[in-house]
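In full-length UniProt numbering, the protein residues as written are 1 to 120.
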């Protein structure tokens, strides 16, 4: 009777060890698919981001290629553009100023007067 008890006890210990090993293996098997799924999700997210950037660049280049250049007459930039075009057509002069050529004549006249006045 004592021998049967020892035999049954050893068998129960082996069964418990086997059960624990099976549980650990089952847990590992559950963790691995979750980890692999997470890795795949991360890779897919990176790939989706790269695809989005590539598509955006393709769309921009397509838009640039399709865009036609406008002539200067077709573009209106507002009051600043009007002012710049006006200055280009008619340069700015102060109200009390004279033309550059007339100013030179006046300076030469002044210089000649001062030179004449300095001579005794």
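Just so you know, even glycine gets a beta-carbon here, dropped at the ideal spot from N, CA and C.
The alpha helix (DSSP H) that contains residue 11, what's its start and end?
On the chain shown, residue 11 is found 11 positions in, with the first residue counted as 1. 2-66 is the extent of the alpha helix (DSSP H) around residue 11.
Would you tell me roughly how many angstroms separate the C-alpha atoms of residue 51 and residue 42, rounded to the nearest one?
For the purposes of this step, residue 51 is identified with residue 51 of the chain shown, where counting begins at 1. For the purposes of this step, residue 42 is identified with residue 42 of the chain shown, where counting begins at 1. Their backbone Cα atoms lie some 14 angstroms apart in a straight line.
Alpha-carbon spacing of residue 72 relative to residue 91, whole angstroms
For the purposes of this step, residue 72 is identified with residue 72 of the chain shown, where counting begins at 1. For the purposes of this step, residue 91 is identified with residue 91 of the chain shown, where counting begins at 1. If I take the Cα positions, the gap works out to 20 angstroms.
Let's see if you can read the secondary structure: which residues bound the alpha helix (DSSP H) around residue 88?
Taking the chain shown and counting its residues from 1, one reaches residue 88 at position 88. Run containing residue 88: 79-89, per the alpha helix (DSSP H) assignment.
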